[in-house]
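S.K.: Taking the working numbering, the leading residue of the sequence shown gets 4, the next gets one more, and so forth. Think of the CB as a built atom: it goes at the ideal place given N, C-alpha and C, for glycine as much as any other residue.
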Amino acid sequence: MASNIAFSSKEFQVAIKGETTAGSAVTTGLLALDVDSISMPSLNVTQALEVRGGGSGRTFKNQDFFQDNILRTTEISVSGRFHDDEAHRGLFGNITGTDGAGASPAVASGYSPDPLRYEQTSLTAADYDTFTLYVVAPSTSNAKHIQMPGCVVSNITLSGDVTADGGLIKYSATIVTGQKPNFANTTDLSSAITAYTNGSVRKMSSATETQVKNADVALQSFTTTIDNPVVFTGADNDGSGFEVINRGAECSVTTDFQIKYDANTDEFISDFDTQGATPTIMDADAFKITAAGSHGVNIQNGVFTNMSLSEGDIMMLDGSIKATDDGTDALVAFTF
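Right, dumping it as structure tokens:
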């Protein structure tokens, strides 16, 4: 007979915590993330399902099957309201490699990732070099947690829209691990997770200044993205997954925005069109939200990658900028 137990998807939660040994799962001091909904991590197991030679007939035999769940990348995406707390800041600290879970993560000029390998010890948990993620089930007698040690962030966005949810600041992140996850974890986490608080959310209305190309603008919405792909190499010597964590060829910073079309912004389309083969780099406040202690975003240098009219009740501009490195300024600096 089937079980009569059922759970709401809203009874599940996501929690993380920085590790002191890369890839060694943390079971205490976990911090909840604000997530819109729970997504299933990608298993990405390796399977061989082809018929092998030398058998009888043309069918797939038992002995033909092969599966490996060790040397694979497991990925999960999370999104929700951004909170000014350790867990949410830690995601930004991980992908930028600066300030850990502090209030000022930034992609530094000349950014190059620090070398990191699984089983590396003496890490500081608050730095979030790697972290453990749990998809926490409401029960372990009728359900199981998903435990993902050795996680790093490969892509993250910070966004806001004055017409949605009272201008709440949102985040989304893609999180990956090269270590073998546990999809049947039964650790008692009932007293191990600290919840986020409503008082730590941030809103668009907290901004005191918004600028594009050093001009004051009426900002309707924005999405700032850091894309820093993760590359796993080598095999760990204890059979738990990959050995070395590194990053791809480029850490890119982009921002998309909608602003009011007016006397301060009417030249932006021409500016985009005339950047030329050798573009004139915006070298001061290419995109800036001043919101100390809230959701400050500062991209000092960049180039327009899009600028177009957006028809609505009033005329708006849709624009995009890619941050550039001038050798001094950070590609992007956040102030939380």
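Apply the 10 Å Cβ neighbour rule to Q26 and answer buried if 16 or more other Cβ atoms are within range, or exposed otherwise.
M.R.: In the sequence shown, residue 26 corresponds to position 23, counting from 1. Here residue 26 turns out to be Gly, not Gln, going by the sequence shown. Buried.
S.K.: Leaving out the 5 sequence neighbours to the left and right, which residues in its chain are closer than 6 angstroms to K339 when beta-carbon positions are compared?
M.R.: Mapped onto the sequence shown, residue 339 falls at position 336. Note that residue 339 corresponds to Phe in the displayed sequence, not to Lys. Excluding sequence neighbours, F339 sits near D87, R92 and A106.
S.K.: So for D274, helix, strand or coil by DSSP?
M.R.: Locating residue 274 in the sequence shown gives position 271, where the first residue counts as 1. Helix, per DSSP.
S.K.: What are the boundary residues of the beta strand (DSSP E) that F95 is part of?
M.R.: In the sequence shown, counting from the first residue as 1, residue 95 sits at position 92. Taken as a continuous stretch (DSSP letters only), F95 belongs to no beta strand (DSSP E), being part of the alpha helix (DSSP H) at E89 to T99.
S.K.: Are the Cβ atoms of I248 and V156 separated by less than 7 angstroms?
M.R.: For the purposes of this step, residue 248 is taken as the residue at position 245 of the sequence shown. For the purposes of this step, residue 156 is taken as the residue at position 153 of the sequence shown. In this structure, V156 does not lie closer than 7 angstroms to I248 by Cβ.
S.K.: Have a look at I159, D288, D259 and I292 and flag the residue whose alpha-carbon is nearest the alpha-carbon of T211.
M.R.: The sequence position of residue 211 within the sequence shown is 208, counting from 1. Checking every option, the nearest Cα to that of T211 belongs to I292.
S.K.: On the three-pair Cβ rule with 8 angstroms, is the segment 148-163 touching the segment 17-37?
M.R.: Flag = yes, the segment 148-163 and the segment 17-37 touch.
S.K.: Mark F63 as exposed unless 16 or more other C-beta atoms lie within 10 angstroms of its C-beta, in which case mark it buried.
M.R.: In the sequence shown, residue 63 corresponds to position 60, counting from 1. It counts as exposed.
S.K.: A167 by DSSP, collapsed to three states: which one?
M.R.: As a working note, residue 167 is residue 164 in the sequence shown. In this structure, A167 counts as coil in the three-state DSSP scheme.
S.K.: List the DSSP bridge partners of D130.
M.R.: Translated into positions along the sequence shown, residue 130 becomes position 127. According to DSSP, D130 bridges with nothing at all.
S.K.: Measure from the alpha carbon of T23 to the alpha carbon of each residue in V220, S194, T124 and G202, then state which is nearest.
M.R.: Taking the first residue of the sequence shown as 1, we reach residue 23 at position 20. Looking at the Cα atoms, T124 is the closest of the given residues.
S.K.: Roughly how many angstroms separate the alpha carbons of T142 and R120, rounded to a whole number?
M.R.: Within the sequence shown, residue 142 is the residue found at index 139, counting from 1. Within the sequence shown, residue 120 is the residue found at index 117, counting from 1. It is Ser, not Thr, that sits at residue 142 in the sequence shown. So the two alpha carbons sit approximately 33 angstroms from each other.
S.K.: Suppose you measure from the CA of A238 to the CA of V48; what does that come to, to the nearest Å?
M.R.: Mapped onto the sequence shown, residue 238 falls at position 235. Mapped onto the sequence shown, residue 48 falls at position 45. Distance between the alpha carbons of A238 and V48 is about 16 angstroms.
S.K.: As a quick exercise: from Y114, T133 and A129, pick the residue whose alpha carbon is nearest that of E122.
M.R.: In the sequence shown, the residue the question calls residue 122 occupies position 119. Minimum Cα distance to E122 is reached at T133.
S.K.: Let me know the beta strand (DSSP E) ranges lying completely inside the segment 183-222, each 3 residues or longer, listed in chain order.
M.R.: List check, beta strand (DSSP E) in window: 185-188 and 212-215.
S.K.: Looking only at its chain, what residues have a beta carbon closer than 8 angstroms to the beta carbon of G251, apart from the 5 residues adjacent to it on each side?
M.R.: Here the question's residue 251 lines up with position 248 in the sequence shown. Here the set comprises N231, P232, V233 and V234.
S.K.: Under a CB-based cut-off of 7 angstroms, is S115 close to chain B?
M.R.: Here there is only one protein chain, and chain B is not present.
S.K.: Using only CA atoms, which one of A287, E314, G315 and R205 lies nearest to G305?
M.R.: Along the sequence shown, read from residue 1 onward, the residue named residue 305 stands at position 302. When each option's Cα is compared against that of G305, the closest is A287.
S.K.: Should N2 and A336 be called a contact, given that it needs their Cβ atoms to be closer than 7 angstroms?
M.R.: Absent from the structure is residue 2, since the part of the chain shown begins at 4 and ends at 339.
S.K.: With three or more beta-carbon pairs closer than 8 angstroms as the criterion, would you say the segment 52-67 touches the segment 182-190?
M.R.: No, because fewer than three Cβ pairs between the segment 52-67 and the segment 182-190 fall closer than 8 angstroms, the two stretches do not touch.
S.K.: Quick one: using the 10 Å Cβ neighbour count with 16 as the cut-off for buried, is K13 buried or exposed?
M.R.: As a first step, residue 13 is located in the sequence shown; it is residue number 10 there, counting from the start. Burial call: exposed.
S.K.: Could you check which residue in I229, S115, I272 and D265 has the C-alpha nearest to that of F307?
M.R.: The count along the sequence shown starts at 1 and reaches residue 307 at position 304. Ranking the options by Cα distance to F307, first place goes to I272.
S.K.: Are G113 and G103 closer than 7 angstroms when you measure CB to CB?
M.R.: Counted from its first residue, the sequence shown places residue 113 at position 110. Counted from its first residue, the sequence shown places residue 103 at position 100. No, they are not a contact pair.
S.K.: Could you tell me the alpha carbon to alpha carbon distance between K137 and S203, rounded to whole angstroms?
M.R.: Numbered from 1 along the sequence shown, position 134 holds the residue referred to as residue 137. Numbered from 1 along the sequence shown, position 200 holds the residue referred to as residue 203. The question names Lys, yet the displayed sequence has Tyr at residue 137. In a straight line, the C-alpha of Y137 is about 22 angstroms away from that of S203.
S.K.: Have a look at Q214, L74 and S224 and flag the residue whose alpha-carbon is nearest the alpha-carbon of D168.
M.R.: Counting from one through the sequence shown, the residue named residue 168 turns up at place 165. The option with the nearest alpha carbon to D168 is S224.
S.K.: Measure the alpha-carbon distance for D329 versus P116 and round it to whole angstroms.
M.R.: One-based indexing of the sequence shown puts residue 329 at position 326. One-based indexing of the sequence shown puts residue 116 at position 113. If I take the Cα positions, the gap works out to 18 angstroms.
S.K.: From which residue to which residue does the beta strand (DSSP E) around T31 run?
M.R.: Along the sequence shown, one-based indexing puts residue 31 at 28. From DSSP, T31 is part of no beta strand (DSSP E); its letter is neither H nor E.
S.K.: Identify, in the order they occur along the chain, each residue of the same chain with its Cβ nearer than 8 angstroms to the Cβ of T257, setting aside the five sequence neighbours on each side.
M.R.: Locating residue 257 in the sequence shown gives position 254, counting from the first residue. Cβ neighbours of T257 beyond the five flanking positions: T227, T228, D230, T308, S323, I324, K325 and A326.
S.K.: Excluding sequence positions up to five away, which residues of its chain have a Cβ less than 6 angstroms from the Cβ of D321?
M.R.: Residue 321 sits at position 318 when you count from the first residue of the sequence shown. Cβ within range, chain order: Q261, S311 and S313.
S.K.: Which of the three DSSP states, helix, strand or coil, is assigned to D259?
M.R.: Mapped onto the sequence shown, residue 259 falls at position 256. Here D259 sits in strand by DSSP.
S.K.: What is the DSSP secondary structure of S115, counted as helix, strand or coil?
M.R.: Reading the sequence shown from its first residue, position 112 is the one you call residue 115. Looking at S115 - three-state DSSP - the assignment turns out to be coil, as it is neither helix nor strand.
S.K.: When DSSP builds the beta bridges, which residues end up paired with A104?
M.R.: Residue 104 sits at position 101 when you count from the first residue of the sequence shown. Per DSSP, none; premise fails for A104.
S.K.: For D259 and G100, what's the separation of their Cα atoms in angstroms?
M.R.: For this step, residue 259 is matched to residue 256 along the sequence shown. For this step, residue 100 is matched to residue 97 along the sequence shown. Between D259 and G100, the C-alpha separation is close to 23 angstroms.
S.K.: Name, in chain order, the residues that DSSP records as bridge partners for Q303.
M.R.: For the purposes of this step, residue 303 is identified with residue 300 of the sequence shown, where counting begins at 1. DSSP lists no partner for Q303.
S.K.: So N47 is in the beta strand (DSSP E); what residue range does that whole segment cover?
M.R.: Sequence index remark: in the sequence shown, residue 47 carries index 44 (1-based). That residue, N47, is in no beta strand (DSSP E); it is neither H nor E in DSSP.
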